[in-house]
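Participant: The sequence shown: position 115 = 115 (full-length UniProt numbering), numbered continuously.
Where is the CB? At the ideal position from N, CA and C, for every residue including glycine.
Bear in mind that the values here come from a model prediction, so they are computed numbers and not experimental data.
I'd like to ask you about the structure that follows.
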Amino acid sequence: MLALLSAFSACFAGALGFTVMVVLPVVVFIGLPLEFMRPPGELMTVTWLAKATFLAGGGLTALAWLGLRLAPASYRIGRLFPGAREIADHVWVYETPALQAYAIPSLTGGVVIVSRGALNLPPDELEWLLAHERSHLRRGDASASLYWWTQHSILRVALWLARLIYTILRPIPLIGLLSGLYFSVASLGIRLALGLFKVLDRHLGHLMEYRADRDAARVASPIAGCRLLSRLSTGLESSWGLFSTHPPTYRRIKRLERMT
């Protein structure tokens, strides 16, 4: 359910971004109610334009996610973690002393990739860490995380298109001024859509992390999870955008302590 909500919020934000990029500037410039913006004949109406751009934005987000989802895990690992190698079935390692682990979804069940530093953890803590990432794979959280990347990329494309229109029209007298206003309004709408998705995605990400913590505690032990999270401190709360959805470590520890 959480993964489906994440997918819906990503598609909605992508659709909203494309819609405001086109419709909001039109409404601002014309300054008339929608009922007065219906040109005669076969010309496009604002209502139709809103529906078309909304579907286009949501559809592009879904297609971009599907492309990433169908890509082999080894392809994404090679791009994100050069030099990583498989050490066990569905487990990869990459050379860094930091304590990190990631779940990479794929059509074959996905893989867990851990850092060299994580392999030096005590056995029960390593078991907890692997169980945590496998929970993300099993419950679809790892696939949902791809929506962050696709939605962000789609809205960046929308912003690029708005900037391209502005660049082309800028040299033309008067129209160039209007294109500057268009870009300002369109970029504001796109950034608002991105901000909305970040708020929703962060909340869903917190719920996913708490659930994966519980699943890992049932496989290993809550105590092992508490020790690992205390050891990592901010290790799992990387500056990498993907992990901006992690809840505060102390809250995760408190929840695990209640399971002991």
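Give me the Cα-Cα distance between Leu121 and Tyr250, rounded to the nearest whole angstrom.
Facilitator: The alpha-carbon atoms of Leu121 and Tyr250 are separated by roughly 20 Å.
Participant: Would a C-beta distance cut-off of 8 Å place Ala144 and Gly17 closer than the cut-off?
Facilitator: Taking 8 Å as the Cβ cut-off, Ala144 and Gly17 do not qualify as a contacting pair.
Participant: What are the boundary residues of the beta strand (DSSP E) that includes Ser230?
Facilitator: Looking at the DSSP string, Ser230 is not in any beta strand (DSSP E); the run it does join, the alpha helix (DSSP H), is 222-232.
Participant: Taking Ala15 as the reference, give the member of Leu70, Glu257, Gly189 with the closest Cα.
Facilitator: The candidate whose alpha carbon is nearest that of Ala15 is Gly189.
Participant: Answer with yes or no whether the minimum CB distance from Arg139 to chain D is below 8 Å.
Facilitator: Going by chain labels, chain D is absent from the structure shown, which holds only one protein chain.
Participant: Is Leu2 near Met208, with beta carbons less than 8 Å apart?
Facilitator: Yes. Within cutoff.
Participant: Under a three-way DSSP split, which group does Glu125 fall into?
Facilitator: Three-state DSSP puts Glu125 in a helix.
Participant: Compare the beta carbon distance of Ala62 and Cys11 with 8 Å and say whether it is the shorter of the two.
Facilitator: Yes, these two residues count as a Cβ contact at 8 Å.
Participant: Who are Val199's beta bridge partners in DSSP?
Facilitator: In DSSP, Val199 forms no bridge with anything.
Participant: Taking 8 Å as the cut-off, does the segment 162-171 touch the segment 180-189 (at least 3 CB pairs, one atom from each stretch)?
Facilitator: Yes, the segment 180-189 touches the segment 162-171.
Participant: Can you say whether Lys198 is buried or exposed, counting buried as having 16 or more other CB atoms within 10 angstroms of its CB?
Facilitator: Buried: at least 16 other Cβ atoms inside 10 Å.
Participant: What does Trp148 pair with, by DSSP beta-bridge criteria?
Facilitator: Answer is none; Trp148 lacks a bridge partner.
Participant: Could you tell me which residues DSSP puts in a beta bridge with Trp92?
Facilitator: Bridge partners of Trp92: Glu86, Ile113.
Participant: Going by DSSP in three states, Ala71 sits in which element: helix, strand or coil?
Facilitator: Residue state, collapsed to three classes: coil.
Participant: Contact between the segment 133-150 and the segment 167-179 is defined here as three or more beta-carbon pairs at a separation below 8 Å; is this criterion met?
Facilitator: Touching, no, given that fewer than three Cβ pairs across the two stretches are closer than 8 Å.
Participant: Exposed or buried, Arg134, counting other C-beta atoms within 10 Å across all chains shown (16 or more means buried)?
Facilitator: Label assigned to Arg134: buried.
Participant: Does the beta-carbon distance from Ala131 to Ala220 come in below 8 Å?
Facilitator: Yes, Cβ-Cβ distance for Ala131 and Ala220 is below 8 Å.
Participant: Going straight from the alpha carbon of Arg191 to that of Pro247, what length do you get?
Facilitator: Their Cα atoms are separated by approximately 24 Å.
Participant: How about Ala84 and Val91: do their beta carbons lie closer than 8 Å?
Facilitator: No. Outside cutoff.
Participant: How many angstroms separate the CA atom of Ala224 from the CA atom of Leu99?
Facilitator: For Ala224 and Leu99, the distance between alpha carbons rounds to 15 Å.
Participant: Give me whichever residues DSSP pairs with Ala103 in a beta bridge.
Facilitator: DSSP lists Val112 as partners of Ala103.
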